[in-house]
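Asks:
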Amino acid sequence: MRALALKHALSAKARDGGIIVLDKASVQDGKTRTLQANFTRLGLTSALIIDGAELDANFALAARNIRNIDVLPVQGINVYDILRRHTLVLTRNALEALEARLK
Numbered sequence: 556m557r558a559l560a561l562k563h564a565l566s567a568k569a570r571d572g573g574i575i576v577l578d579k580a581s582v583q584d585g586k587t588r589t590l591q592a593n594f595t596r597l598g599l600t601s602a603l604i605i606d607g608a609e610l611d612a613n614f615a616l617a618a619r620n621i622r623n624i625d626v627l628p629v630q631g632i633n634v635y636d637i638l639r640r641h642t643l644v645l646t647r648n649a650l651e652a653l654e655a656r657l658k
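First residue of the sequence shown: 556, per the working numbering; consecutive thereafter.
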């Protein structure tokens with residue numbers, strides 16, 4: 556049941572054009588201002604960012620202070636958070652892990 560709900564939520568986001576795939580989710584200095592500037596450049600105002608099994612510590616620290624931005628490891632992905640945010644941002648590692656999980 557959970558896998559089917561997750562597939563449905565991901566399909567809905569894909570249909571709406573609400574999925575972005577990045578190579579990796581990392582920031583050099585861990586500064587919120589730097590990360591906010593990157594999000595503004597990408598047009599992200601309400602996003603769920605899913606990374607691989609391990610989150611980049613600097614990225615997680617910088618993102619936790621930005622409103623309407625959530626960062627989760629791939630194990631924490633859930634339907635509620637996907638539907639709650641406007642955009643779903645997946646890293647390549649997260650995408651590979653999701654494909655393996657949903658096969």
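A virtual CB, placed ideally from N, CA and C, is assigned to each residue, including glycine.
1) Kindly indicate which residue of Arg640, Thr589, Asp636, Val629 has the alpha-carbon position closest to the one of Ala655.
2) Would Lys568 count as contacting chain B if we go by Cβ distances under 8 Å?
3) For Ile621 versus Gln591, is the C-beta spacing smaller than 8 Å?
4) What span of residues does the beta strand (DSSP E) with Leu645 cover, start to end?
5) At the level of alpha carbons, what is the spacing between Arg557 and Val634?
6) Tell me whether Ala580 sits in a helix, a strand or coil according to DSSP, three-state version.
Replies: Inspection of the coordinates gives the following:
1) Position 100 of the sequence shown, counted from the first residue, corresponds to residue 655. Closest by alpha carbon: Val629.
2) Among the chains of the structure shown, chain B does not appear; only one protein chain is present.
3) By 1-based counting over the sequence shown, the position of residue 621 is 66. By 1-based counting over the sequence shown, the position of residue 591 is 36. Their beta carbons are under 8 Å apart, which means Ile621 touches Gln591 by this criterion.
4) Walking along the sequence shown from the start, residue 645 turns up at place 90. Residues 642-646.
5) For the purposes of this step, residue 557 is taken as the residue at position 2 of the sequence shown. For the purposes of this step, residue 634 is taken as the residue at position 79 of the sequence shown. If you take the alpha carbons of Arg557 and Val634, they lie about 9 Å apart.
6) Within the sequence shown, numbered from 1, the residue matching residue 580 stands at position 25. The answer is coil: DSSP assigns Ala580 none of H, G, I, E or B.
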